[in-house]
Amino acid sequence: MSWSRRSHRSRALAMTTPTSLLSLASILSLASALEFSAVTQPNIDFSLLGRVGIAGDFSGISVYEYVGQNERPYSTNGSESIMAQLPNGVFTSLSTVDAVVRSMCQLSGSRSVMLGGDFTSLDGNKTHGLAIFDPSSGSITALDGLDGRVNSLLCEDDGVVYIGGNFKTNESMNALTWTNSSGFKNFEFAGFNGPVNSIVRSSNDHIIFGGAFTGLGNASLPTQLDGQAINLSTANITAESTTSNSEFSDPTSIVCRTNDSTSGGWLLEDNTAGFWKAELGYTFRPTKLRLWNANANGRGTKTWRFTALPLNGILNMTYVDSSTGLNVSCTSECPLSNNASQTYQDFHFVNTVAFNAFRIDISEWYGSGGGLNGVQLFQDDITAYAIDDFNEPTCLIPSNTVSRSSTSGIWTSVSSGQSDSDYLSTSLNGTISSSDASVTFYPDIRETGNYTVNIYTPGCIQDNTCSTRGQVNITGIMTSDGETSFSTSLYQTNNYDKYDQIYFGYVDASRSDFRPSVTITPLDGQSVDTQTFVAQRVGFILINSTGGLNGLYDFNPNASAFDTSGFESSAINKLGSDFGIGSEVTSLDISGDTLFVSGNFSTSSAKNIVAIDVVSNNITNLNGGLDGSIAATHIEGSLLYAGGKFNSTTNSASNLSNIAVFDIESQTWSALGAGVNGPVSYVVPMDINVMNRTTERVIAFTGSFNQCIAFDNYLATEADGLAVWVPSARNWIQNLEGFPLYNGFISASVNNVSDVGSLVAGSVTSSSLGAPGAVTLTDGTLGTFAVHVLNNTGGSASNSSLSKRANLENLKSSGVLAGTFFSSSNRNLSIFAGHFTAVSPNGSYVENLAMIDSENNDSMTGLGSGVDNSSVFSAVAVTDRLLLAGGRITGNVGGSDIGGLISYDLSIGEFTPNQPPPLTGTNMTVNSISVRPDSSQIFVGGSFSLAGSLPCPGVCIWDSEASQWNQPGITLKGEVSSMLWNSDNTLIVGGSLQVNETTSTSLAIYNAKSIAWDVFADSDTILPGPVSLMTAGSNDVSQIWVAGYSSSDGSIFLMKWTGEQWLSTAPTDMESGSVITSLQVFATTTKHESSETLEEKQVLVITGSINLRNFGPVSAVVFDGTGFDPYLLSLASGNNRGSISGIFVQNDSFFESNGGHMRLVFVVLIGMAISLGLILFIVAGGMLLDHIRKKREGYTPAPTAMFDRGSGLQRVPPQQLLEFLERGASTGPRA
């Protein structure tokens, strides 16, 4: 795998190269041939911060490490992506698909993958149901020629691909093969008369087909050919060289002609060639043209030709020569008889061609000029249109059988554009209901029989409605007794035209007292603001079949000749014939010689699943099967995983709840956990990367459920339609630590792709770590706390139409909103506060405030009784042994009411005896708690007016020693959002404030010595709005960062006070709808581009729910003084964005960096060396100074000759020596 480092910046900025890179070994993972671009990390220095936690309202969280990661919700409109996994376990999209991919397989000798489904485009490239995708280059090869849906693909080693589904080609239905050299090839048996759902190769090299068919065969023509009249009465009719005789000048008078019509017809000018032209609003495929000649006053058409438009092709016709009785063909010069006894003449089209307009050119005539007295077209296609003008003309077809439609609601007609016909469209708003609008189609069914019923949906690109298309519900009544009916739902989000089979089976013919009907309505309960609902047409195809099959077909590709008479010679075919009427095989699996058949069927001894040995033909009933239908299966090793709509096996009362596993070796069924609370549609194996960069094979179940049911000691976990089972741990991925989180749906996968690994089809949001509410951050790596938050709601502020207050209140009402650490008294606590229910590993529950003690086996405790469960904690602080927690809090502790603030003794794990009297006021809440340095005073800020009975608006002081409230001066009012001490005696307060009764400001400063308030640093005139957040900008807090929302336009402002002036970062690149919850400066281990707002080794981290320009949603960004980069991404339950409330640390050493420090041993050695050097320098300096002094005082070197040294010396008496020393004389002793 090749890789490069790339930095996502919302501005084009240069970045320094990081000092630490991911090792190549950590990058080499599943998608080793794909190029994943790693992004530059901020390299925050966590070394001096101690323990670090992240709090918020999320279910999963990721560090932004690779280009392609995002926080956007998964698609709910039916579209998907082809995805691969990044090394951190997060899925990234390689290609987008406008509908479901139902099957994938790797082409032999290639890393390219064939995709099959009911899509109409990949990455905007038009391709119907089948395409080849190269994951390395991203190239897409559309395979044209197939119209419909592909359900199953089987890629063989010899390059042959078997394709099954619900589709048609010119000569086959629902099955065919493809090779790279020859393209598509039809089977000799022309396919199947119903959909194929699964294809496998058995151990005896036979190809086994499973589906909802009852025989081989193709579409069949109706017994009454040319039976459907094409409506020319509503066409746009024009003509050229029309006569001036008003009796014969109307070209529209010759449509809807019947044998008893008395119309005079239409004539050309005398002796002049001309044409008659019809333009229709839909595409049709005529099989017969009927012409009535003018026969007026000896005039009439002699020679003519038929031109299809806009093809401009002259079509070949055949007709019966009245003089010979023989079939004759013609092209550009077709004759028309003027025999008055021949009322009309029929011409059949040699080729069935689709077009939407035509022209009849008259080149020769009888008498003085040409003309016609009637024109009518017929076709075999049985179609009913939403636009009733396109249905059969009532002037020709009896009203009790004519094709027609009826509507309810307000509809508009939309031009066909790239589609086959114009269609109806309506826009629905608010709560979508099936009663808002509907279209009912009534086809003209001339004969009873087995039909395939298809509904056609125009593409959304042509009318620019892709963003508002949704789901529809389709129901039908097919027989007069009402017992044969159906109901299904579909997405209308296809980029290009498509059709879907909605029914296959018996249909009664139309008659006076019964009409088969199909009704389409919007699907109830869709979570969309606006839905564009479209309706175009339905088609009925009569099916001809050999019969003799029932959902299974055993095909020998090596047989010399195809023989339909030998169906019963195959034990597999015979097994299918034992299924009941209306059976369907949904899935086939092979394990050794055993074929497992699953679906919706029953035999005399088993239901919905059965096994057959393809060598011995022995049938195994698998303990009687399951009591409900199976939608999908997969064999992994000796285990068969099944998903569907069932509760237990037929021979036991085991509670399986829609998911089960069958052990092939022990022949026993068992549950996966306790199953899920709704039906399963897809069972998909895939390989995933986990946090430690290892690979794990898991099984993904997708369906209509929202919960993994509780089992053993595990609680029920939320699973919004996607549940992932980890076989090695025998548990759901949501219950396991260190695993990724996945939300969305997965429909198909292909594993072990050459040089790639696993590719997955679906729509998924993912995080590298699934951990609700709170995680650890150790040296930039995410980890888990020993707490599981249950009911974080994921209410992220993603709706820009909400007010900033509404968005902020939404973020401040759920999840973990604050956190802190406490280490003392033999306790090592991690404290989380907010609005949540949490459960610990030992099964204990706490509400809204949880304390995890790592010194006591990660035991979890709460506050106990007293605080109402409806309370919301938004701020915490620890001083000495006390925990102060504030927010929207109510309750009663020790007989005393509480409100806004509680006091808790962490050393003994109990409330303090004297609780703060309750804070009261409109919308009472505490937003900030700040302890005055070296004192017992706790400053509390928020929205309140009284503390007990004491007037104390906005800010109040709780004295923990005196157990009383005090008011800090009387000149401040308003709502406080944040507080920060910048010295022992001065407090900066941010919010929407008023100082000295007159001045409105965003920042105020309080002097604790003088007990006085004042406006801080001209904030009343410079800051554009109230301050919501504040943090220190320097170690001495002489500099501060502030953020809030502009009063003029609601945009986010971010500014820094340098101690001398305000600096703005505008624009902040945090777009409309963003909500920010915390600011914090961090030191870094590497330098970045210098700026006037941040030093080279500092960054500012901003958390919340942020819409970052040129990126999208993000939960934390890093600002380095020049640009904003994504840092943390989070997801919440219910397909919502997550949010981060803040990052809390054990040590507030934000401005100190340990980056680049030497090891201690080298520091000691260098210190010793410096000390020794200083000593040597001092000694040498002293010797030099002594030498200079002696020279100045007359010292001379003593003689050094060895002869007679003693004779020259004079003894000095001791008293003289002592006298000299006492005097300190300047002259030295003389020798």
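Using mature numbering (1 follows the signal peptide of the UniProt record, and there is no 0), the letters of the sequence shown correspond one by one to residues -33 to -1, 1 to 1198. C-beta atoms are modelled at their ideal positions from N, C-alpha and C, and glycine is treated no differently.
{"Check": "Alpha-carbon spacing of A738 relative to S1018, whole angstroms", "Outcome": "32 Å"}
{"Check": "Between the CA atoms of I1145 and L1152 - distance to the nearest angstrom", "Outcome": "10 Å"}
{"Check": "Identified DSSP bridge partners for R504", "Outcome": "Y352, Y423"}
{"Check": "Rounded C-alpha distance that separates P54 from T661", "Outcome": "9 Å"}
{"Check": "Among Q312, T285, N171, D347, the one whose alpha carbon lies nearest that of T225", "Outcome": "Q312"}
{"Check": "Meets three-Cβ-pair contact criterion under 8 Å: the stretch 640 to 659 and the stretch 604 to 624", "Outcome": "yes"}
{"Check": "Buried/exposed call for T684, threshold 16 Cβ in 10 Å", "Outcome": "buried"}
{"Check": "Endpoints, the alpha helix (DSSP H) within which G543 is located", "Outcome": "538 to 544"}
{"Check": "The stretch 929 to 944 contacting the stretch 955 to 970, beta-carbon criterion three pairs below 8 Å", "Outcome": "yes"}
{"Check": "Rounded C-alpha distance that separates S637 from I576", "Outcome": "15 Å"}
{"Check": "Nearest-angstrom Cα separation, counted from I28 out to V1081", "Outcome": "11 Å"}
{"Check": "CA-to-CA distance, N836 to residue 1199, given in whole angstroms", "Outcome": "Here the chain comprises residues numbered -33 to 1198, so residue 1199 is not present and cannot be evaluated."}
{"Check": "Secondary structure of L555, DSSP reduced to three states", "Outcome": "strand"}
{"Check": "Presumed contact (8 Å Cβ cut-off) between G908 and V922, rounded CB distance", "Outcome": "5 Å"}
{"Check": "Endpoints, alpha helix (DSSP H) assigned at D987", "Outcome": "986 to 989"}
{"Check": "Nearest-angstrom Cβ-Cβ length linking F789 and V756, presumed shorter than 8 Å", "Outcome": "Not confirmed; about 20 Å, so no contact."}
{"Check": "Secondary structure of G740, DSSP reduced to three states", "Outcome": "coil"}
{"Check": "Option in A245, S870, S714 with minimal Cα separation from V67", "Outcome": "S714"}
{"Check": "Beta strand (DSSP E) segments (min. 3 residues) lying fully within the stretch 550 to 594", "Outcome": "551 to 558, 561 to 569, 574 to 580"}
{"Check": "Span of the beta strand (DSSP E) around D24", "Outcome": "19 to 24"}
{"Check": "Assigned secondary structure, R272 (DSSP; H/G/I helix, E/B strand, else coil)", "Outcome": "strand"}
{"Check": "Sequence ranges, alpha helix (DSSP H) only - wholly within the stretch 894 to 976, length at least 4", "Outcome": "none"}
{"Check": "Test item: CB-CB of I412 and V474 under 7 Å", "Outcome": "yes"}
{"Check": "Bridge partners - Q343, DSSP secondary structure assignment", "Outcome": "R257"}
{"Check": "Three-state class that DSSP yields for A476 in the structure shown", "Outcome": "coil"}
{"Check": "Touching by the beta-carbon criterion (3+ pairs, under 8 Å), the stretch 155 to 165 and the stretch 568 to 575", "Outcome": "no"}
{"Check": "Best match in N974, N890, A275 for proximity to F906 [C-alpha to C-alpha]", "Outcome": "N974"}
{"Check": "Stretch-stretch touch, CB-based, cutoff 8 Å, three pairs: the stretch 691 to 707 with the stretch 664 to 675", "Outcome": "yes"}
{"Check": "Contact check, Q195 vs Q346, beta carbons under 7 Å", "Outcome": "yes"}
{"Check": "Within-7 Å CB hit, N396 to chain B", "Outcome": "Of the chains in the structure shown, none is chain B; there is only one protein chain."}
{"Check": "Segment limits, beta strand (DSSP E) that includes G83", "Outcome": "80 to 84"}
{"Check": "Entirely enclosed beta strand (DSSP E) segments - the stretch 1022 to 1058, minimum 3 residues", "Outcome": "1029 to 1031, 1042 to 1050"}
{"Check": "G384, buried or exposed, once every other Cβ within 10 Å from all chains shown has been counted against 16", "Outcome": "exposed"}
{"Check": "Residue environment, V505, which counts as buried when at least 16 other CB atoms sit within 10 Å", "Outcome": "buried"}
{"Check": "N-terminal and C-terminal residue of the beta strand (DSSP E) that P652 is part of", "Outcome": "647 to 656"}
{"Check": "Opposing strand residues paired with D981 [DSSP bridges]", "Outcome": "I972"}
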